[in-house]
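Report on the following structure.
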Ligand SMILES: Nc1ncnc2c1ncn2[C@@H]1O[C@H](COP(=O)(O)OP(=O)(O)OP(=O)(O)O)[C@@H](O)[C@H]1O
Ligand SMILES: [Mg+2]
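Residue numbers (my numbering): 1 to 452.
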C-alpha cells in the first residue's frame, strides 16, 4: 500500500464523522437533557418518609421548595429534593437519614465496577448505582471514569460538555493521580496540592454527584506507568498512584458538616452553606473500568474497598470471568508480597449477573450453577435484559432520568424496579442495615418456590 494511504484514510474519515456528529441525535439528547422532576409521592418514597411528613414540613418550613406545577400536578427538581432533605435532616429525630452523609471518622468506600469482558453493563450499573445513592440517600457521590471510551462521562454530560469530544478540556484520572510527568525532572507529579486534586472533581447535572471524566487521554495512564516501570521509578510503587491520590485528597477534604445543622429552627436553610456542604467531601467513590485488567486498572483496584463484577452469562463470558479472577489474584499476591502492610479490598465483593434473559434457560442455569459453586459470591438480584433501558442507554440516559414514550412506560417502570432491587442488594452488602427492602420484595415477587 502506498505511503500516506492510512493518513488520508484517517483524515477523510475524521472529516466525515465530524459532519455526522452534527446530526447525531445522541448529542442532541445530551444537549437538551431536561432535568428530571418528581411528584410528591415519588419524593416521599425516595426519601423514605410518609406524604404527611412532607406536607407538615411544607407548611412549617420557610424555605420549603415551591416546585413547578405541570398540568394538575406539582413536581420537584433534583435540587429541590436535596433541599427538602436538608430541612428534614434538621427535624428532631427523623425516622430515616434524609442525608446519609459520612460522620468525620467514617471511612470512604471506593467501589469498583470492573470486568475483563466488554459490554457487560459496567458503565450502566455504575451510573444507576451512583444515581440511586443520590436519589435514595442524598449521598455525595464521586464518580471516576477510568475508561477512555468515557461512557460514564456521557451519562453525566451537561449541555456545556456536548460540543466536540465531550470533556476534551477536562482533567482526567491521569492528572488526578499525577501520572503526567514534571517536564523539568521527568518524575511523576504525585505532589499535586489537595486543591489541585479537588479541582479534578467537576460538577454534574446531579446535585451532589461529581465526576472525574475520561477522554482519550485516559489511556495515557498506561503509557506513563510503562515509562516509570522502564525507568525503575518506584516511589510511589507502580500500583499505588490512585490510592495515594485518593488518600491525599480525602485527608484534605473530610466530612465537616452534620446534616442536622443545615436548617435552623424555622426550617430555613442557608443556600450558600448547603452548597458548600454538598461539595466539602464525598460519601462514596464509584469507579467505572475499561474492559481490561491493566496496570492502571490495577492501581484503581488497589485503591478500592469493594469490587462489583458485572457479568453476562454466556459460556465464554464465564471463561473470561475466570481468567479475570485468576489474573487479578496473581497481581494482588504479587503486590502483597512486596508490601505486607497494605490491605486491598477490605469490604464486600460480588459478581453481578447482567443483561440476563429470563426466557433463556441457560442464563438462569448458569447463575444457579455459579451460586452453588461460589456461595455468597453472586448477587441474588441481577439485571434483566430490557429493551426500555437499551433505548435509554442509547441516549446515555439512565432509567432514573429517561422520559419514556407511552409505549415504553411499563417496560421502563419494570427496569426501575429491577435497578432499585439490584442497588438495594449492593447497599445491603456495603452499608448493612441501610437497605430499603427493594431487593427482598423483588425476590418475593419474581422468584418461584423452586428458585427460593
Ligand atoms: N439490562 C440491559 N438490558 C438491555 N441492554 C443492556 C442492559 N444493560 C446494558 N445494556 C446494553 O449493553 C451495552 C453495554 O452496556 P455498558 O456500556 O454499560 O457495558 P460496559 O461493560 O460498560 O461496556 P464496556 O466494556 O465497553 O465499557 C449498552 O449498549 C447497553 O445499552
Ligand atoms: Mg463501560
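Heads up, the beta-carbon is just placed ideally off N, CA and C, and yes, glycines get one too.
Treat the numbers as computed from the prediction; the structure is a model and nothing was measured.
Would you tell me roughly how many angstroms separate the C-alpha atoms of residue i and residue j, rounded to the nearest one?
i	j	result
residue 308	residue 326	16 angstroms
residue 268	residue 274	11 angstroms
residue 415	residue 381	13 angstroms
residue 430	residue 15	47 angstroms
residue 109	residue 285	6 angstroms
residue 298	residue 276	33 angstroms
residue 328	residue 293	8 angstroms
residue 154	residue 423	21 angstroms
residue 13	residue 20	10 angstroms
residue 433	residue 112	21 angstroms
residue 5	residue 117	33 angstroms
residue 350	residue 333	19 angstroms
residue 107	residue 197	19 angstroms
residue 217	residue 388	32 angstroms
residue 80	residue 263	14 angstroms
residue 437	residue 193	42 angstroms
residue 10	residue 448	55 angstroms
residue 360	residue 123	24 angstroms
residue 394	residue 185	45 angstroms
residue 457	residue 412	Absent from the structure is residue 457, since the part of the chain shown begins at 1 and ends at 452.
residue 362	residue 417	24 angstroms
residue 191	residue 174	13 angstroms
residue 139	residue 132	9 angstroms
residue 435	residue 346	20 angstroms
residue 164	residue 17	Its pLDDT being 47, under 50, residue 164 is placed unreliably in this model, and the coordinates cannot settle the point.
residue 256	residue 272	15 angstroms
Quick check: residue i and residue j, are their CB atoms within less than 8 angstroms of each other?
i	j	result
residue 310	residue 352	yes
residue 207	residue 54	no
residue 253	residue 202	no
residue 89	residue 250	no
residue 425	residue 439	yes
residue 47	residue 82	no
residue 52	residue 87	no
residue 209	residue 130	yes
residue 289	residue 125	no
residue 150	residue 215	yes
residue 385	residue 357	yes
Write down the C-beta distance between residue i and residue j rounded to the nearest angstrom, noting that I regard them as a contact closer than 8 angstroms.
i	j	result
residue 399	residue 128	7 angstroms
residue 355	residue 320	Incorrect: roughly 15 angstroms between the Cβ atoms, too far for contact.
residue 234	residue 181	The Cβ separation is near 15 angstroms, so there is no contact.
residue 49	residue 96	6 angstroms
residue 219	residue 148	4 angstroms
residue 141	residue 282	7 angstroms
residue 213	residue 172	6 angstroms
residue 295	residue 222	7 angstroms
residue 36	residue 401	4 angstroms
residue 228	residue 143	Not a contact, Cβ separation roughly 26 angstroms.
Where do the ends of the alpha helix (DSSP H) carrying residue i lie?
i	result
residue 353	Unbroken run through residue 353 is the beta strand (DSSP E), 349 to 353; no alpha helix (DSSP H).
residue 212	Careful: residue 212 lies outside any alpha helix (DSSP H), inside the beta strand (DSSP E) at 209 to 212.
residue 76	Segment 73 to 77 is the beta strand (DSSP E) holding residue 76; no alpha helix (DSSP H) there.
residue 396	Residue 396 -> no alpha helix (DSSP H), and no H or E assigned at all.
residue 335	315 to 338
residue 125	122 to 137
residue 413	409 to 430
residue 153	151 to 155
residue 185	Premise fails: residue 185 is in no alpha helix (DSSP H) and is neither H nor E.
residue 248	241 to 252
residue 442	438 to 446
residue 176	173 to 176
residue 379	No alpha helix (DSSP H) contains residue 379, which DSSP labels as neither H nor E.
residue 372	361 to 373
residue 90	Run containing residue 90: none; DSSP gives neither H nor E here.
Where does the unbroken beta strand (DSSP E) through residue i begin, and where does it stop?
i	result
residue 145	141 to 145
residue 113	110 to 113
residue 291	That residue, residue 291, is in no beta strand (DSSP E); it is neither H nor E in DSSP.
residue 310	306 to 311
residue 38	37 to 39
residue 70	68 to 70
Answer yes or no: does any C-beta atom of chain B fall closer than 8 angstroms to that of residue i?
i	result
residue 68	Of the chains in the structure shown, none is chain B; there is only one protein chain.
> Does the region 55 to 72 come within contact of the region 96 to 107, defined as at least 3 CB pairs closer than 8 angstroms?
Replying inline: No: fewer than three Cβ pairs fall under 8 angstroms.
> Touch check for the region 241 to 255 and the region 283 to 303: three-plus C-beta pairs under 8 angstroms?
Replying inline: Flag = yes, the region 241 to 255 and the region 283 to 303 touch.
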